[in-house]
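Trainee: Be aware that the sequence shown starts at 292, since it is given in the working numbering, and climbs by one per residue. Where is the CB? At the ideal position from N, CA and C, for every residue including glycine. Predicted model, so just to flag it, every value in this text is computed and none were measured.
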Amino acid sequence: MEWTLERLNQFVAVADCGSMTQAARRLGRAQSAVSMAMGLLEADLGLALFHRVGRSVHLTPAGEVMLLEARALLNQAQALDLRARGLAAGQAARLCVSLDEALPYPPFARLLRELAQQFPALELTLLNGTAAEVARDVQTRRAELAFQFDRGPADAQFAQRYVAGVPQMVFVARSHALAATSHGPVTREDLAAHRQLVMHIEGVEDLVISPRIWRSDSFYVMADMLADGIGWGILPRNIAQTPDIEPRIVALDCPELRLPPLAVRMLSLQGAVLDGTALWIQQRLAALLIEGD
Numbered sequence: 292m293e294w295t296l297e298r299l300n301q302f303v304a305v306a307d308c309g310s311m312t313q314a315a316r317r318l319g320r321a322q323s324a325v326s327m328a329m330g331l332l333e334a335d336l337g338l339a340l341f342h343r344v345g346r347s348v349h350l351t352p353a354g355e356v357m358l359l360e361a362r363a364l365l366n367q368a369q370a371l372d373l374r375a376r377g378l379a380a381g382q383a384a385r386l387c388v389s390l391d392e393a394l395p396y397p398p399f400a401r402l403l404r405e406l407a408q409q410f411p412a413l414e415l416t417l418l419n420g421t422a423a424e425v426a427r428d429v430q431t432r433r434a435e436l437a438f439q440f441d442r443g444p445a446d447a448q449f450a451q452r453y454v455a456g457v458p459q460m461v462f463v464a465r466s467h468a469l470a471a472t473s474h475g476p477v478t479r480e481d482l483a484a485h486r487q488l489v490m491h492i493e494g495v496e497d498l499v500i501s502p503r504i505w506r507s508d509s510f511y512v513m514a515d516m517l518a519d520g521i522g523w524g525i526l527p528r529n530i531a532q533t534p535d536i537e538p539r540i541v542a543l544d545c546p547e548l549r550l551p552p553l554a555v556r557m558l559s560l561q562g563a564v565l566d567g568t569a570l571w572i573q574q575r576l577a578a579l580l581i582e583g584d
């Protein structure tokens, strides 16, 4: 076999244009050179690829099959070239990222679309779990990066980078007694009189106000309990806005309880060198989370 990628590219151009002359213009080649290349390709393959009628050409049945093969080979060659360029530029060949299930999804969905365009040769693996699980993914080297809500100081083995903040508020079920005061402010004393639902992950938990508390290590479980009227709790706004939760709850205004945004952080192992891909992900996600506010 003596065919080359250049001849396959010319073959695809001729098939697309239906004319040697038009294909030659597209490729910036002489028409005679393109015609000769097609003749040599047919001779090399032992197949008639085109019916020639005047200045027009039409694919033979064999040519239609070979066109599919040619496109596949050219796409594979392009992918190989992109991968080589990326590796030469110091980009990661593979990356595994673990995501806290409670983080806002739309910014991550957009991030992944942009990541596919920015780093087309990257082989990406995504993991998903609770904040504790994604940290363990990095700890066990299952993932290079993890993104999670900041639930307190990270272990010394982790390097952490602040990404952005997500608003959080006090919520209660519409059927809860505290909902009757949703048109006006509530006090810490009002909140203390009712059961509080608290996030509790590996010994770190939210601000506790009520003497009666239930704990959960999942914002989604906590949101379901809250929506069922079991108690009040502090939720990130994106969790409260999920379709099955939002119609069942209401936000409470507590001037005595001004909650800062819940920080999102990126975890990696101490000493790990972050390449341009990881840093781009961090910076772009920060911008998308801020836009989402």
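Touch check for the region 410-425 and the region 535-553: three-plus C-beta pairs under 8 Å?
Mentor: no
Trainee: Let me see if you follow: with CB-CB separation under 9 Å, is L579 close to chain D or not?
Mentor: Among the protein chains of the structure shown there is no chain D, as only one such chain exists.
Trainee: Check whether the region 573-584 and the region 484-494 are in contact - that is, three or more C-beta pairs closer than 8 Å.
Mentor: no
Trainee: Across the region 310-325 and the region 341-352, are there enough close Cβ pairs to call them in contact, namely three or more that are closer than 8 Å?
Mentor: yes
Trainee: Jot down the residue ranges of each uninterrupted beta strand (DSSP E) in the region 369-455, minimum 3 residues, whole runs only, in chain order.
Mentor: Taken in chain order, the complete beta strand (DSSP E) segments of 3 residues or longer contained in the region 369-455 are 385-391, 414-420 and 436-440.
Trainee: Does DSSP put I525 in a helix, in a strand, or in coil?
Mentor: strand
Trainee: Mapping the DSSP letters down to three states, classify L553 as helix, strand or coil.
Mentor: If DSSP states are grouped into helix, strand and coil, L553 belongs with the strands.
Trainee: What are the complete alpha helix (DSSP H) segments, minimum 4 residues, inside the region 294-354?
Mentor: 296-308, 311-318 and 322-336
Trainee: Counting along the chain, where does the beta strand (DSSP E) carrying V463 start and finish?
Mentor: Q459 to A464
Trainee: What does the alpha-carbon distance come out to for the pair A445 and Q451?
Mentor: Taking the straight line from one Cα to the other gives about 7 Å.
Trainee: If you draw a straight line from the alpha carbon of A423 to that of Q367, how long is it in whole angstroms?
Mentor: 39 Å
Trainee: Exposed or buried, what is I492 when buried is set at 16 or more other beta-carbons lying within 10 Å of its beta-carbon?
Mentor: buried
Trainee: Using only the alpha-carbon positions, how far apart do T478 and R528 sit?
Mentor: 21 Å
Trainee: I need the DSSP call for R506, collapsed to helix, strand or coil.
Mentor: strand
Trainee: Are the Cβ atoms of L469 and A437 separated by less than 9 Å?
Mentor: no
Trainee: Under 8 Å, with one C-beta from each stretch per pair, do the region 520-537 and the region 386-404 reach the 3-pair mark?
Mentor: Segments in contact, yes.
Trainee: Determine the direct distance from the alpha carbon of A514 to that of P502, and round the result to whole angstroms.
Mentor: 20 Å
Trainee: With the cut-off set at 9 Å, would you say G522 and V461 are in Cβ contact?
Mentor: No, the pair does not count as a contact, with Cβ atoms beyond the cut-off.
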